[in-house]
Amino acid sequence: MPIDVRPYDGTARDFLAAAETAFGEHLRDDDAAIFAPVFEADRSIGTWDRDRLVGTASAFSFELTVPGGVLPAAGVTMVGVHPTHRRRGALRRMMRMQLDDVRARGEPLAILWASEGSIYQRFGYGLATLRARIGVQRHRSSFARPHAPSGEMRFVSVDEAKRLFPPIHDAILPSRPGFFHRTPAFWDETLHDPEHWRHGAGAAFHVVHEVAGTPDGYARYRIKDQWDEGGPNSTLVVNEMLATNPAAHLDLWRFLLDVDLIGKIEAWNVAPDDPLILAALEPRRLGLGLADGIWLRVVDVASALAGRRYLADGQLVIEVHDEFCDWNDGRWSLRVEAGVPLVEPTAAAADLACDVTDLGAAYLGGFTFRQLADAGRIEELAPGGVSRADALFRTERAPWCPKVF
Ligand SMILES: CC(C)(COP(=O)(O)OP(=O)(O)OC[C@H]1O[C@@H](n2cnc3c(N)ncnc32)[C@H](O)[C@@H]1OP(=O)(O)O)[C@@H](O)C(=O)NCCC(=O)NCCS
Numbered sequence: 073m074p075i076d077v078r079p080y081d082g083t084a085r086d087f088l089a090a091a092e093t094a095f096g097e098h099l100r101d102d103d104a105a106i107f108a109p110v111f112e113a114d115r116s117i118g119t120w121d122r123d124r125l126v127g128t129a130s131a132f133s134f135e136l137t138v139p140g141g142v143l144p145a146a147g148v149t150m151v152g153v154h155p156t157h158r159r160r161g162a163l164r165r166m167m168r169m170q171l172d173d174v175r176a177r178g179e180p181l182a183i184l185w186a187s188e189g190s191i192y193q194r195f196g197y198g199l200a201t202l203r204a205r206i207g208v209q210r211h212r213s214s215f216a217r218p219h220a221p222s223g224e225m226r227f228v229s230v231d232e233a234k235r236l237f238p239p240i241h242d243a244i245l246p247s248r249p250g251f252f253h254r255t256p257a258f259w260d261e262t263l264h265d266p267e268h269w270r271h272g273a274g275a276a277f278h279v280v281h282e283v284a285g286t287p288d289g290y291a292r293y294r295i296k297d298q299w300d301e302g303g304p305n306s307t308l309v310v311n312e313m314l315a316t317n318p319a320a321h322l323d324l325w326r327f328l329l330d331v332d333l334i335g336k337i338e339a340w341n342v343a344p345d346d347p348l349i350l351a352a353l354e355p356r357r358l359g360l361g362l363a364d365g366i367w368l369r370v371v372d373v374a375s376a377l378a379g380r381r382y383l384a385d386g387q388l389v390i391e392v393h394d395e396f397c398d399w400n401d402g403r404w405s406l407r408v409e410a411g412v413p414l415v416e417p418t419a420a421a422a423d424l425a426c427d428v429t430d431l432g433a434a435y436l437g438g439f440t441f442r443q444l445a446d447a448g449r450i451e452e453l454a455p456g457g458v459s460r461a462d463a464l465f466r467t468e469r470a471p472w473c474p475k476v477f
């Protein structure tokens, strides 16, 4: 039987159930309850075999921090096709419908976390941010310099966390490309803590860092309890840790690294430029690893390039190849004056040629054009073209996305 791909018009619960099947999971009632308020039915697409929903793709309406500003972006999510219907083109058709819809909504960007990096590049997504993993033995986690705490730590309830965490997050949001605004329903989802999300650890702990009673940082973590012949050897797993200033940030790390009865501290989504790396006495002992963060698709080259800011003035012509969204395909002139860009199509000779995936990789400042050239991904067409591009696109901080969606 042929499959039919069309806008979804059913319930959040049925959609989630179908997506869970694609991910090899079964729907649970509490997950359905937490998912329903964040679900955007009018941005959801279903693949049907007769009356059976066998494929899903949805998106959240995000406000994404980009260098020097904020842009509407589609947060692509719940993409899955049942194993009974795989490799029959369902994903390709859903991606087509979704990207056309994103464009029609006037969103210049789409972002996603990929289960496998090989899936989305064919649809124009480029690796835009990295995340660092850390796994450090508590007794090897000293700082290089003496540490004097700037404030105090306090345990808070989940309800307090829902009240105290968002303003801290939102204070950081404008300065870190890759952050997106979380609605209250998204915070409920962030702090949702069912047993099957804990992977053998206990319920989450929530702490705030305060200076004179004013919170300026928070952490959420779990403890995987373990006692060996030699004594306590538990693992502390950091879910999320954010602070509005460097002193609070280091205080939070020191707190997390010093909890008693812990053998090892693990964090799986840390900014790749986290100050801990330079604060540590033994950086190698942090067990640093790098992995892909969010993938970004430039859906509309003109409005995406015009929608961010640049740290230098200059002029650049980029030849963009975009097979899947041909409205982007062609040469684009970017002229920046006093940090403000003017973008227009051009017939002028190009400084460099790149695939739209590579523009996505460079867009937030996660990768330089030099890195992309060294990886054999882009081509310099005019002498100095790569350096000129990097002078324009460079950012002060590495982009980072603290939340998987
Ligand atoms: C990934 C998934 C959605 C693909 O769906 P699908 O309907 O089988 O994909 P399609 O038949 O439309 O394939 C589209 C293209 O992607 C390729 N592709 C699909 N899945 C792939 C994968 N996991 N790895 C690499 N390539 C993949 C296909 O070969 C095809 O390539 P082509 O167009 O160049 O011929 C599906 O396998 C799935 O649900 N997997 C489990 C859940 C998951 O990982 N979802 C993604 C969440 S981020």
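Taking my numbering, the leading residue of the sequence shown gets 73, the next gets one more, and so forth. Ideal placement from N, C-alpha and C gives every residue a C-beta, glycine not left out. All figures in this text were calculated on a predicted structure; none of them were measured in a lab.
Review point. By how many angstroms is the C-alpha of residue 377 removed from the C-alpha of residue 166?
Key: 26 Å
Check your understanding: How many angstroms separate the CA atom of residue 276 from the CA atom of residue 293?
Key -> 5 Å
Exercise for review: Within its chain, find whatever has a CB closer than 8 Å to the CB of residue 329; leave out the 5 residues flanking it on each side and keep chain order.
Suggested key: 208, 210, 213 and 337
Check your understanding: Which runs of the alpha helix (DSSP H), 4 residues or longer, sit entirely within the region 92–132?
Key -> 101–107
Point to revise | Per-residue burial, residue 73 [other beta carbons within 10 Å of its own, 16 or more giving buried] | key: exposed
Practice item. Taking residue 16 as part of the beta strand (DSSP E), name the residues at either end of that continuous run. Key: It is not possible to answer for residue 16, since the shown part of the chain is limited to 73 through 477.
Practice item. Tell me whether residue 369 is buried or exposed, calling it buried when 16 or more other Cβ atoms sit within 10 Å of its Cβ. Key: buried
**Study point:** Beta bridge counterpart(s) of residue 426 as assigned by DSSP
**Key:** 392
Exercise for review: Out of 300, 244, 409 and 400, state which residue places its alpha-carbon closest to the alpha-carbon of residue 390.
Suggested key: 400
Review point. If you scan the region 242–316 from start to end, which runs of the beta strand (DSSP E) of 3 or more residues do you find wholly inside it?
Key: 277–283, 286–296 and 306–315
Exercise for review: Please report the residue range of the alpha helix (DSSP H) in which residue 222 lies.
Suggested key: No alpha helix (DSSP H) contains residue 222, which DSSP labels as neither H nor E.
Review point. With respect to 6 Å, is the separation between the Cβ of residue 207 and the closest non-hydrogen atom of ligand 2 below this value?
Key: For the structure depicted, ligand 2 is absent and the ligand set comprises only ligand 1.
Review point. In chain order, which alpha helix (DSSP H) runs of at least 4 residues are fully inside the region 353–401?
Key: 373–378
Point to revise | Cβ contact (3+ pairs, closer than 8 Å) linking the region 82–101 and the region 121–135 | key: yes
Point to revise | Cβ-heavy atom distance, residue 187 to ligand 1, below 6 Å | key: yes
Point to revise | residue 146 in three-state terms, based on DSSP | key: strand
Practice item. Specify the secondary structure class of residue 328 as computed by DSSP and reduced to three states. Key: helix
Review point. Per DSSP, residue 415 is paired with what?
Key: 406
Exercise for review: To the nearest angstrom, report how far apart residue 177 and residue 159 are at their CA atoms.
Suggested key: 29 Å
Point to revise | Reference residue 386; option with closest CA among 307, 375, 406 and 249 | key: 406
Review point. Smallest Cα separation from residue 403: which of 383, 428 and 412?
Key: 428
Check your understanding: So, using beta-carbon positions, are residue 422 and residue 453 closer together than 7 Å?
Key -> yes
Check your understanding: When DSSP labels each residue in this structure, what does residue 155 get in the three-state scheme?
Key -> helix
Review point. In this structure, what does DSSP give as the bridge partners for residue 206?
Key: 339
Exercise for review: Look at the Cβ atom of residue 154, then the Cβ atom of residue 94, and state whether they are nearer than 7 Å.
Suggested key: yes
Check your understanding: Excluding the five sequence neighbours on either side, which residues of its own chain have a C-beta within less than 6 Å of the C-beta of residue 108, listed in chain order?
Key -> 84
Practice item. Take residue 318 and list the residues in its own chain whose beta-carbon comes closer than 7 Å to its own, dropping the five residues that flank it on each side. Key: 347
Check your understanding: Within 6 Å: the Cβ of residue 95 and any heavy atom of ligand 1?
Key -> yes
Point to revise | Check whether residue 200 and residue 432 have beta carbons under 7 Å apart | key: yes
Exercise for review: Return the CA-CA distance between residue 281 and residue 169, expressed in angstroms with no decimal places.
Suggested key: 45 Å
Review point. Whole-angstrom Cβ separation of residue 268 and residue 100, contact assumed at under 8 Å?
Key: 7 Å
Exercise for review: May I ask you to check if the CB of residue 190 is nearer than 6 Å to at least one heavy atom of ligand 1?
Suggested key: yes
Practice item. Could you tell me if residue 241 is buried or exposed, where buried requires 16 or more neighbouring beta carbons within 10 angstroms of its beta carbon? Key: buried
Exercise for review: Can you tell me which of 408, 163 and 470 puts its alpha carbon nearest to the alpha carbon of residue 438?
Suggested key: 470
Review point. Are the Cβ atoms of residue 395 and residue 425 separated by less than 7 Å?
Key: no
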